[in-house]
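**Q** Sharing a structure below in structure tokens format, with a few things to ask.
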């Protein structure tokens, strides 16, 4: 399918690359179909990816793999909230976090409180608010430079 986006122009999306978020993103419940856009050559180097909405093509959210900033990130997920995602295993569970980038890049942060959990086998996912003390704004700059990111 061809999609005209605000940030990336017209792009081709293969059907098996469409991610269906059961409840959409927090604050955007009507947008449920997404795809990930990233630089293929740099996909394992910690770069920011974009979660591009296919329902509202002007909307794309920066996301990244949390362990690249916080290697020990292991959110405690409620089994009931994951039930709609199907059979999750360590091999098929893909975790993303949203990225906030204000004008001052040193204040860029990731949201560890509400990760996006995706079953990579079925491309079904959900953004889930987790229990515990994980912060909504974990500073990327401080974490990368050896300070506690909170």
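Numbering (our numbering), first residue to last: 5 to 154. We put the beta carbon where it would ideally sit given N, CA and C, even for glycine.
Report the option in 73, 17, 13, 40 whose CA atom is closest to the CA atom of residue 150.
**A** The residue you call residue 150 lines up with position 146 of the chain shown. The residue with the shortest Cα to Cα distance from residue 150 is 73.
**Q** Go through its chain and collect everything with a Cβ distance to residue 36's Cβ below 7 Å, but skip five positions before and after it.
**A** Your numbering for residue 36 matches position 32 in the chain shown. Around residue 36: 24, 25, 28, 59.
**Q** Residues in its own chain within less than 6 Å of residue 131 by CB, not counting five upstream and five downstream?
**A** Here residue 131 refers to the residue found at position 127 when the chain shown is read from its first residue. Cβ neighbours of residue 131 beyond the five flanking positions: 29, 30, 118, 120.
**Q** Can you check which of these residues, 110, 10, 122, is closest to residue 86 by C-alpha distance?
**A** As a position in the chain shown, residue 86 is number 82, starting the count at 1. Among 110, 10, 122, the Cα nearest to that of residue 86 is on 122.
**Q** I'd like to know whether the C-beta atoms of residue 142 and residue 116 end up nearer to each other than 9 Å.
**A** Counting from 1 along the chain shown, the entry for residue 142 is found at position 138. Counting from 1 along the chain shown, the entry for residue 116 is found at position 112. Going by C-beta atoms, residue 142 is nearer than 9 Å to residue 116.
**Q** Considering residue 130, what are the terminal residues of the beta strand (DSSP E) in which it resides?
**A** The residue given as residue 130 occupies position 126 in the chain shown. Note, residue 130: beta strand (DSSP E), 128-131.
**Q** Consult DSSP for residue 14 and reduce its assignment to one of helix, strand or coil.
**A** Mapped onto the chain shown, residue 14 falls at position 10. DSSP places residue 14 in strand when its eight states are reduced to three.
**Q** Kindly list the residues whose CB is nearer than 7 Å to the CB of residue 140, restricted to its own chain and excluding five residues on each side of it in sequence; keep chain order.
**A** To locate residue 140, count along the chain shown from 1; it is residue 136. The residues are 115, 117.
**Q** Count the other CB atoms, across all protein chains shown, that sit within 10 Å of the CB of residue 11; report buried if there are 16 or more and exposed otherwise.
**A** As a working note, residue 11 is residue 7 in the chain shown. Exposed, because fewer than 16 other Cβ atoms sit within 10 Å of the Cβ of residue 11.
**Q** Could you have a look at residue 110 and say whether DSSP puts it in helix, strand or coil?
**A** In the chain shown, the residue the question calls residue 110 occupies position 106. Note: residue 110 maps to helix in three-state DSSP.
**Q** In chain order, what residues of the same chain have a beta carbon less than 7 Å from the beta carbon of residue 8, not counting five sequence neighbours either side?
**A** Along the chain shown, read from residue 1 onward, the residue named residue 8 stands at position 4. Correct list, in chain order: 14, 61.
**Q** Return yes when the Cβ of residue 125 is within less than 9 Å of the Cβ of residue 91, no when it is not.
**A** Here residue 91 corresponds to residue number 87 of the chain shown, with the count starting at 1. Here residue 125 corresponds to residue number 121 of the chain shown, with the count starting at 1. Contact: yes.
**Q** May I ask which residues mark the beginning and end of the beta strand (DSSP E) holding residue 120?
**A** As a first step, residue 120 is located in the chain shown; it is residue number 116 there, counting from the start. Taken as a continuous stretch (DSSP letters only), the beta strand (DSSP E) holding residue 120 covers 120-123.
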